[in-house]
Amino acid sequence: MKKLFDPLFITYGVTWCIIHLCRHLHQPIPVLNDHLTDLVAVPVMAHLSLHFIRRFIVCNANYTYPLGYLLFMAGYTAVVFEWIMPHFSSRYTGDWWDVAAYFGGSFFYYYFHGNPYLPLFKKPV
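In the UniProt record's numbering, the protein residues as written are 1 to 125.
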């Protein structure tokens with residue numbers, strides 16, 4: 001079974017914690033605060049759901065998401081958080097750069113994190 005807490009997933013989590021800590025301390029990091037959390041949102045959701053699906057649904061440790069599934073996740077996330085939610089809360093802004101970040105995160109996950117053949121995940125001999 002593939003590991004849930006692999007190096008990239010840990011990097012997503014640490015990045016998210018640093019950005020939110022800086023927000024809490026009222027010292028946001030401008031570009032990172034605005035778009036990096038959106039860039040890692042889809043990879044985090046995809047990684048967690050893929051781990052669950054591999055373990056309990058398909059029972060296949062080598063199963064990966066097709067690109068279409070990841071693009072659907074990005075589109076759904078964009079519609080909810082950038083189109084619908086701004087009508088209900090001022091916390092959500094409806095920023096097109098965030099939409100681009102969701103889709104960029106999908107492509108990143110598909111080509112780098114979702115690829116089981118990358119050297120990052122191979123065990124040393």
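Backbone N, C-alpha and C define an ideal beta-carbon position, used for all residues, glycine too.
Other residues of its chain near residue i: CB distance less than 6 Å, five sequence neighbours each side excluded
i	result
D98	D38, E82
H47	F9
L4	H51
A100	none
Where residue i falls: helix, strand or coil (DSSP)
i	result
G104	helix
P66	coil
P43	helix
T77	helix
I29	coil
S49	helix
T93	coil
L36	helix
F88	coil
L71	helix
Residue i - containing alpha helix (DSSP H), residue span
i	result
I57	Neither: I57 is in no alpha helix (DSSP H) and is coded neither H nor E.
I18	7-24
Nearest-angstrom Cβ-Cβ length linking residue i and residue j, presumed shorter than 8 Å
i	j	result
F103	L67	The Cβ separation is near 11 Å, so there is no contact.
G105	A41	6 Å
C17	N33	Not a contact, Cβ separation roughly 13 Å.
I19	L36	6 Å
Residues of its chain near residue i, where Cβ-Cβ distance is below 7 Å and the 5 sequence neighbours each way are ignored
i	result
G94	E82, W83, P86
P28	C22
Contacts around residue i, its chain only, beta-carbon distance under 8 Å, and the 5 residues preceding and following it disregarded
i	result
I53	Y63
F108	L39, P43
Y110	Y65, L67, L70
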